[in-house]
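Novice: The structure follows.
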């Protein structure tokens, strides 16, 4: 089979192709060694030793080099206006679906991309094949611990561990990222956001290939201390409370560092693989030049024009200006990034009740500090640069034009009340033209999406060069002459990634957990033993939006806005408030050595020796964040607006499982859902006020319940041969339990067409399983 031919012809029906996958190797060698010495001296039991490990990750990739077609109607496609005129009032989702269907049926292409892998030996890109990574990380640690028995009632454990953590690094030295934080910020003064004209940074920022991208960490002391104390009292109220040798008090504290996943280094130390794969693209735009095509002019099957390659050729140092107007953007590490650690503490009291029971009350808390988190420093600006005023003027102009039968245009036609839009005029190259009737832009104005429109303009080569002129070197390289009207960091801090994200990996994340745990245990007595425990807990943190929204940790949009990092301090994805767990076994009282039918051999064979087991769990729901679907202030979702006096408490009280016909089930009262599947705007509407940050309420999904039973019996066939029989009944109550609610693009977004729908799926029906084993 000619794999090159196979791959270049592969595509799937829909809005983009799905590439074929080939088997890859799983050879990831992991070496480790450890040793310890135990020294017993008097009341001390001392342990000391060390550990070492080394992991090498190869990350074999499947071949690439085939074109990836995207079918759609781009925002600058002339046909977009027709769809907006016909369906503009139906909402963004319906409009996008209609455009995608049209594009798929007609083969209309809104973009083509492909990648070419780096040949490690020649340091050149090859037309087809793969690039296999080679990362290495190692760490060593030393520890000392003393278990000191101070008395028969008091034991103290204390110790110290010290870890030497090496950096994850690329053996081949091909990983390319910003060499410094200043290069990530580019021409803008480092650390200064939302100040157009503050150009005191690196004027020609680079991307540099290197083996190491952040420093190893050697200063990691990790102390720990714990005690166990058994007080005793013979009489009086205290004696009744704690008893004699019936109470144990435990407490402890520890600090432990941990390694973040190697995926962090791959993403941020290599700009997400941007330079060991050459990105090739075709973009619909009115501008001319390599990699561009006129919007609407390209359909599937046409001969493709010349790609725009980014980077054009591989080099150890690449100016970011060479990758502007491509899909490549600089990512990078804080070179002095901290190693994360967890501080944990606990306190518990255990009291024996009777001869066989115990009750324990525990408090457990922890805090994770310096967790690695990536966030986009290139948040689009609509305030300080005055674009919000332009946007609001455009909204006003659109309304006046529609009222005066001028059509869906936001151009200033000189009608009473209309206003000038100097920023848009500079970007569009005039006060009239097709951009003022662009369907996507009209939709943005109708829905208040000032952030989305600003990002769209910032990502358009023609618009950016109209505004920045030859002052911006990537525009000058494309034949633009004359100075620009606006500073090059007008939209974002790093204009060399204009319209895109600049991801910065830092150790700014943190989280905490506090839990109260109650546990009752009965050890085996009269054939019965069981355990009942309950946990009341709360977990909060500064975490990635995508993690709590069920979209994976991602680290692509840590903060809703860099203007206020505290907005993301919220319940974590694992914030389960209440958990009840009951488990136990009971030896049925029949047969030999049991209470009944002890002498009957036949009864012992048939009904004797059976043990019944049960496990039951109850958990409250996981958190879900409600989104609006519109970007009114930046490139992130601006949340929702609660209508008709609706409160979060009222919504929370309505959370459950509502069946409205197979296979649909909802985790929120269906009255909050419109007939088309989106949120009922009478109660929950997307934020549509330009420049306004909406509300992201956190709700907790339906509770989770399960019960399983088992039945076991051992039968002696001969002295050396036994039959072990087991029967299990999973979901014995045949109760459909829905999994955790996840809030992806649609189910927790007000404008989504499956708003409020559960996606975890119910547990399966009751299942009976039987097993028999012969043991000899």
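Residue numbers (the working numbering): 8 to 783. A virtual CB, placed ideally from N, CA and C, is assigned to each residue, including glycine. Please read all numbers here as calculations on a predicted model, not as lab measurements.
What residues in its chain sit with their C-beta under 6 angstroms from that of residue 120, if we drop five residues either side in the sequence?
Specialist: So the qualifying residues of the chain are 75 and 288.
Novice: Which runs of the alpha helix (DSSP H) at least 4 residues long sit entirely within the segment 248 to 291? Give them in chain order.
Specialist: If we require 4 residues or more, the alpha helix (DSSP H) runs fully inside the segment 248 to 291 come out as 269 to 276.
Novice: Leaving out the 5 sequence neighbours to the left and right, which residues in its chain are closer than 7 angstroms to residue 343 when beta-carbon positions are compared?
Specialist: These residues qualify, in order along the chain: 222.
Novice: Go ahead and label residue 116 buried or exposed: buried means 16 or more other beta carbons lie within 10 angstroms of its beta carbon, across all protein chains shown.
Specialist: It is buried - the Cβ of residue 116 has at least 16 other Cβ atoms within 10 Å.
Novice: Starting from residue 165, follow its DSSP beta bridges and name the residues at the other end.
Specialist: The partner list for residue 165 (beta bridge, DSSP) reads 153 and 232.
Novice: For a test of the three-state rule: what should DSSP assign to residue 73, helix, strand or coil?
Specialist: In the structure shown, residue 73 sits in coil (DSSP, three-state: anything other than H, G, I, E or B).
Novice: Determine, using beta carbons only, whether residue 492 comes closer than 9 angstroms to chain B.
Specialist: Of the protein chains in the structure, only one exists, and it is not chain B.
Novice: Whole angstroms are fine: how far does the CA of residue 781 sit from the CA of residue 723?
Specialist: Spanning the two alpha carbons is a distance of roughly 10 angstroms.
Novice: Give me, in chain order, the residues of the same chain whose beta-carbon lies closer than 8 angstroms to that of residue 647; leave out the 5 immediate sequence neighbours on both sides.
Specialist: So the list reads 633, 634, 635, 686, 691, 692, 693, 694, 701, 702, 703, 704 and 757, once near-sequence residues are dropped.
Novice: Which stretch, first to last residue, makes up the beta strand (DSSP E) that contains residue 510?
Specialist: Looking at the DSSP string, the run of the beta strand (DSSP E) that includes residue 510 is 510 to 532.
Novice: Taking the CB atoms as reference points, tell me whether residue 684 and residue 620 lie closer together than 9 angstroms.
Specialist: Cβ atoms of residue 684 and residue 620: not closer than 9 angstroms.
Novice: Can you tell me where the beta strand (DSSP E) holding residue 428 begins and where it ends?
Specialist: Careful: residue 428 lies outside any beta strand (DSSP E) and carries neither H nor E.
Novice: For the beta strand (DSSP E) that residue 57 lies in, which residues bound it at each end?
Specialist: Looking at the DSSP string, the run of the beta strand (DSSP E) that includes residue 57 is 51 to 64.
Novice: Go ahead and pull the three-state DSSP assignment for residue 608.
Specialist: Of the three classes helix, strand and coil, the one that applies to residue 608 here is helix, per DSSP.
Novice: Mind checking whether residue 441 and residue 85 have CB atoms under 9 angstroms apart?
Specialist: Yes, the pair counts as a contact, with Cβ atoms nearer than the cut-off.
Novice: Note down, in chain order, each residue of its chain lying with its Cβ closer than 7 angstroms to the Cβ of residue 296, except the 5 sequence neighbours on either side.
Specialist: For residue 296, where only same-chain residues beyond five positions count, the Cβ hits under 7 angstroms are 485.
Novice: Please return the same chain residues whose Cβ sits closer than 7 angstroms to the Cβ of residue 673, not counting the five positions on each side in sequence.
Specialist: Excluding residues within five positions, the ones whose Cβ falls inside 7 angstroms are 665, 667, 680, 763, 764 and 765.
Novice: Tell me, to the nearest whole angstrom, how far the beta carbon of residue 438 is from that of residue 416; I am working on the premise that it is less than 8 angstroms.
Specialist: With 8 angstroms as the limit, residue 438 and residue 416 do not qualify as a contact, their Cβ atoms being about 11 angstroms apart.
Novice: Out of 248, 243, 433 and 299, point me to the one whose CA is closest to residue 3's CA.
Specialist: No statement about residue 3 is possible, as the shown extent of the chain runs from 8 to 783 and does not include it.
Novice: With DSSP as the reference, please indicate the residues paired to residue 358 in a beta bridge.
Specialist: Answer by DSSP bridge pairing, in chain order: 254 and 366.
Novice: With distances taken from CA atoms, which of 269, 211, 112 and 682 is nearest residue 141?
Specialist: Comparing Cα positions, the closest option is 269.
Novice: DSSP state of residue 443, grouped into three classes?
Specialist: If DSSP states are grouped into helix, strand and coil, residue 443 belongs with the helices.
Novice: Tell me which same chain residues have a C-beta within less than 7 angstroms of the C-beta of residue 413, skipping the five on either side of it?
Specialist: 420.
Novice: Please report the distance separating the alpha-carbon of residue 338 from that of residue 148.
Specialist: Rounded to the nearest angstrom, the two C-alpha atoms are 31 angstroms apart.
Novice: State the Cα-Cα distance for the pair residue 779 and residue 736, rounded to the nearest angstrom.
Specialist: Each residue's alpha carbon lies about 15 angstroms from the other.
Novice: Could you check what DSSP says for residue 314 in three-state terms: helix, strand or coil?
Specialist: Residue 314 falls in the coil class under three-state DSSP.
Novice: Is it the case that the Cβ atoms of residue 547 and residue 582 are separated by a distance below 9 angstroms?
Specialist: Yes.
Novice: Taking only the alpha-carbon atoms, compute the straight-line gap between residue 455 and residue 699 and give it to the nearest angstrom.
Specialist: When rounded, the distance between both Cα atoms is 9 angstroms.
Novice: Going by DSSP, what residues sit across from residue 720 in a beta bridge?
Specialist: Residue 720 is bridged to 617 and 732.
Novice: For residue 558, which three-state DSSP category applies?
Specialist: For residue 558, the predicted structure reports a pLDDT of 34, less than 50, and the residue's modelled location is therefore unreliable. The matter cannot be settled from this model.
Novice: Excluding the 5 residues preceding and the 5 following residue 90 in the sequence, name in chain order all residues of the same chain whose CB lies nearer than 8 angstroms to its CB.
Specialist: For residue 90, where only same-chain residues beyond five positions count, the Cβ hits under 8 angstroms are 80, 102, 105, 106, 109 and 446.
Novice: Return the chain-ordered list of same chain residues with a C-beta closer than 6 angstroms to the C-beta of residue 282, the five sequence neighbours on each side being excluded.
Specialist: 183, listed in sequence order.
Novice: Within the chosen definition, does the segment 372 to 382 reach the segment 259 to 278 through at least 3 CB pairs nearer than 8 angstroms?
Specialist: The segment 372 to 382 is in contact with the segment 259 to 278.
Novice: Taking buried to mean at least 16 other C-beta atoms within 10 Å of its own C-beta, is residue 96 buried or exposed?
Specialist: Answer is exposed; the Cβ neighbour count stays below 16.
Novice: Following the continuous beta strand (DSSP E) through residue 779, name the residue where it begins and the one where it ends.
Specialist: That run of the beta strand (DSSP E) goes 774 to 782.
Novice: Quick check for students: name the residue ranges of the alpha helix (DSSP H) that lie wholly in the segment 97 to 153, counting only runs of 4 or more.
Specialist: Qualifying alpha helix (DSSP H) stretches, in chain order: 99 to 113.
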